[in-house]
Amino acid sequence: MVISTFISWDPELIPSKQIRPMDYSPATTTTLDHEVTIQEVEEYFTNYLVNDRLGIIANAHTVFADRQPSKAMSSQCLELAKLFSIAVDFPKTGVPAEIPQELRIKEYPDFMEKPDKSTYQSYSIIGKLFREVKDLAPNECSIKSFTRVKLKRFYDSDMEVDRYEDYVDDAFFHKSNYDYKLGNLMDYHGIKTEV
């Protein structure tokens, strides 16, 4: 076994300051003095569906980190990080994360690809990279455009194991099911490409 190590003393790679970690102490959980009833399970499930805010908070954090001069250290991002911790613990604690109006997003950066929302051109590095790569990505879903010719181009015979032929039919079956389900999910959510 060969172990490779890389050491760099480049001062540009050393963070200029250390940031103390946030306190992620969860809210207290509710303890029941009886066996859980079906009605309580139904209420819990409904509350979870109604109060699941993880995606909304994560998207808002991305937008504020893109727009604010202090990026992820902005007051909005720090508040959203606290809310995210509360939202992650919601299934255990039952305490929902309440998003204040001033942290709700009305406009998204172009790199988030929200065609049904108002967007702006992001001048951050991720926005610039997005626009550079966007035209390189295929317009068609790569699942549908995956051909035997493309497969041969990327096939690595070093990855073959003994008797791999015995598993090809099973692998094809499972890969086809995966492609079908992923394709349906992408169509349902309006996603054009896996990239």
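Each residue of the sequence shown is one higher than the one before, counting from 320 in this note's numbering.
Note that beta-carbon positions come from the ideal geometry of N, C-alpha and C, so glycine has one too.
From the DSSP output, which residues share a beta bridge with residue i?
{"i": "P428", "result": "Y439"}
Looking only at C-alpha atoms, which of the options sits nearest to residue i?
{"i": "S443", "options": "E484, S389, Y343 and A406", "result": "S389"}
{"i": "E421", "options": "I445, A406, L399 and F403", "result": "L399"}
{"i": "I376", "options": "K401, T365 and S393", "result": "K401"}
{"i": "P340", "options": "V480, F473 and M392", "result": "M392"}
{"i": "F364", "options": "I338, S335, G413 and V407", "result": "G413"}
{"i": "K425", "options": "P434, T438, E513 and F449", "result": "T438"}
{"i": "F409", "options": "Y343, Y483, L332 and N503", "result": "Y343"}
Assign residue i to buried or exposed, taking buried as 16 or more other Cβ atoms, counted over all protein chains shown, within 10 Å of its Cβ.
{"i": "L466", "result": "Rather than Leu, the amino acid found at residue 466 in this sequence is Thr. T466 should be labelled exposed."}
{"i": "Y427", "result": "buried"}
{"i": "V382", "result": "buried"}
{"i": "Q395", "result": "buried"}
{"i": "S495", "result": "exposed"}
{"i": "F523", "result": "Nothing in the structure corresponds to residue 523, since the chain is present only between 320 and 514."}
{"i": "A379", "result": "buried"}
{"i": "A490", "result": "exposed"}
{"i": "F473", "result": "exposed"}
{"i": "Y499", "result": "exposed"}
Just to check my reading of the structure: residue i and residue j have Cβ atoms closer than 8 Å, yes? What is that Cβ distance to the nearest angstrom?
{"i": "Q440", "j": "D429", "result": "5 Å"}
{"i": "G509", "j": "P434", "result": "7 Å"}
Cβ contact (3+ pairs, closer than 8 Å) linking the segment 357–365 and the segment 414–423: no
Cβ contact check for the segment 337–347 and the segment 362–378: 3 or more pairs under 8 Å: no
Three CB pairs or more closer than 8 Å across the segment 379–393 and the segment 320–335: Short answer: they don't touch.
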